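For reference, the structure is listed below as structure tokens.
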Amino acid sequence: MNVAVVGTGYVGLVTGVSLSDIGHTVTCIDIDNEKILKMQQGISPIYEPGLSGMMIKNINEGRLYFTSDHKQGFESAEVIYIAVGTPEREDGSANLSFVEQVAKDIASHAIRDTVVVTKSTVPVGTNDKIQSIIDKNLMYPVNIEVISNPEFLKEGSAIYDSFNGDRIVIGSNSEEAASTIEEINKPFGVPVFKTDIKSAEMIKYASNAFLATKISFINEISNICERLGANVEDVANGMGLDKRIGDKFLNAGIGYGGSCFPKDTKALIQIAGNVEYDFELLKGVVRVNQKQQGLLLEKLSERIPDLKGKRIAVLGLAFKPNTDDMREAASLVVTEELINVGVEVVAYDPIAMDNARRILNDKVQYADSVEEAVSGSDATLILTEWDEVRNVNIGVFKSMNYPLIIDGRNCFALEQMKDNNIEYHSVGRPSVS
Ligand code: UGA
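According to this note's numbering, the sequence shown is numbered sequentially starting from 1.
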């Protein structure tokens with residue numbers, strides 16, 4: 001089929017590239033012309049394993065196109081995906097102005113019956129709003145059917161997830177439009193769950209909120225474990241054996257970050273509030289997450305009460321491994337606080353260094369390796385569980401002024417630290433001193 005995808009962020013680009021890979025002819029549209037020119041040459045604006053190779057292959061095979069011209073992009077489209085951002089407003093609600101603009105653009109340019117698929121995460125009721133904006137602004141007498149098809153991919157494994165997802169959710173008022181989208185996705189071989197539009201919109205928020213709840217839950221358990229001398233990893237493993245609980249998303253750490261959980265949890269609290277429902281549990285989840293980021297620094301200042309002038313290595317800046325994304329990363333809060341108390345911060349991340357330089361400028365020093373970052377430092381903080389950090393030769397920590405590691409991601413076994421005489425404070429596990 002001929003498909004157009006509006007928005008080439010993580011969701012849009014991965015959707016477009018993977019749809020082209022299963023045989024559709026896809027035009028990705030974005031208002032950022034500079035980005036479009038790069039993508040036309042097969043250069044991906046984001047780091048995502050497998051994405052660049054798949055882009056180049058499908059461009060070369062004549063199935064994948066990029067343009068900043070909506071009219072051109074919509075010309076032959078039978079299906080149009082909306083995958084633009086829904087950033088957080090100051091009050092926590094989702095800003096829908098980009099989505100609404102795309103709806104108007106579709107209405108101005110659609111010259112044939114089209115299925116419009118909303119991939120962007122939008123509050124319950126938005127797809128009905130999109131439908132009415134389109135219907136009101138249509139330039140030609142065509143039928144546009146808006147359906148909800150929320151995205152569940154994870155950054156860092158987005159391509160893998162497209163082909164191996166747990167489900168594809170299709171929310172629609174039209175059986176025919178739902179079948180078109182089911183058909184388009186068939187080659188992925190992922191189970192399809194069909195429902196009404198509002199329930200599909202809610203499935204997306206409820207899923208992210210539930211996963212965030214699991215994380216905040218295990219983080220609270222980890223804080224209690226620390227006080228009682230229990231080991232949260234064993235607790236999580238033991239809990240996870242119960243299939244009703246499951247073993248995923250029970251890694252205690254410094255709290256969730258990224259472009260989705262922080263934004264979507266707050267948005268769902270807003271959505272509930274709009275219908276006069278106080279989502280108390282989710283409010284707690286958000287509060288626990290904010291508290292969790294601060295605990296790492298509390299541990300550091302307990303060990304080094306006067307941090308001024310100290311050299312602290314920060315390993316990992318991305319909000320999680322295998323991505324260069326630093327949106328809502330714990331590293332932003334942690335480095336900011338360290339800088340505020342006069343610490344000399346030396347940071348290293350295997351992939352996110354370019355983004356870090358753009359965001360943190362010259363407020364921190366940048367190292368080219370784990371070794372360089374930790375050398376001569378008074379303490380090492382671990383913020384992202386990169387394999388490069390997990391598998392580092394432990395000997396490198398001997399080059400610190402004093403071997404003190406505060407690990408927000410439980411990268412090392414306690415025995416390993418004990419054997420190497422490293423003072424080690426991790427999350428929800430006994431300290432090694
Ligand atoms: C998340 C969801 O997992 C996806 O299903 C969803 O499609 C996506 O949001 C979205 O709404 O677009 P993502 O933000 O890419 O995906 O990353 P996750 O792997 O879910 O991690 C989110 C945060 O939770 C990270 O900061 C991670 O370090 C943290 N986390 C995750 C934990 O602290 N503990 C865990 O056990 C798991």
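By construction, the Cβ of each residue, glycine as well, lies at the ideal position given by its N, Cα and C atoms. Please read these numbers as outputs of a predicted model, since none were measured by experiment.
H70 is the residue among G246, H70 and D362 whose C-alpha sits nearest the C-alpha of A110. Residue environment: V142 is assigned as exposed (fewer than 16 neighbouring CB atoms within 10 Å of its CB, all protein chains considered).
Unbroken beta strand (DSSP E) runs of no fewer than 3 residues, entirely contained in the segment 14-46, are found at 25-29, following chain order.
Shortest Cα-Cα distance from G257 to any of V285, Y205 and R327 involves R327. Cβ-Cβ separation between V5 and G12: approximately 5 Å, consistent with a contact (criterion under 8 Å). Residue environment: F397 is assigned as buried (16 or more neighbouring CB atoms within 10 Å of its CB, all protein chains considered). Excluding the 5 residues flanking it on each side, G42 has same chain C-beta neighbours closer than 6 Å at M55, I56 and I59, in chain order. Note on geometry: alpha-carbon atoms of A352 and M202 lie some 32 Å from one another. Distances from the CA of A103 to each of D113, K136 and E75 were compared; the closest alpha carbon is that of K136. The three-state reading of DSSP puts R287 in helix, counting H, G and I together. Ligand 1 approaches K320 closely enough that one of its heavy atoms is under 6 Å from the residue's Cβ. Bridge pairing for G171: S148 and T195 [DSSP]. A distance criterion of 6 Å places the beta-carbon of N185 beyond contact range of ligand 1, judged by its closest non-hydrogen atom. Ligand 1 never approaches K291 closely enough for any of its heavy atoms to be under 6 Å from the residue's Cβ. For A347, the enclosing beta strand (DSSP E) has its first and last residue at E344 to Y348.
By alpha-carbon distance to I254, the top candidate from L295, G342, I36 and I31 is L295.
A distance below 7 Å separates the beta carbons of I144 and T114. A contact is defined here as three or more CB-CB pairs under 8 Å, and the segment 190-201 meets this definition with respect to the segment 124-136.
G428 is the residue among G428, G53 and V275 whose C-alpha sits nearest the C-alpha of S222.
Bridge partners of L300 according to DSSP: none are assigned.
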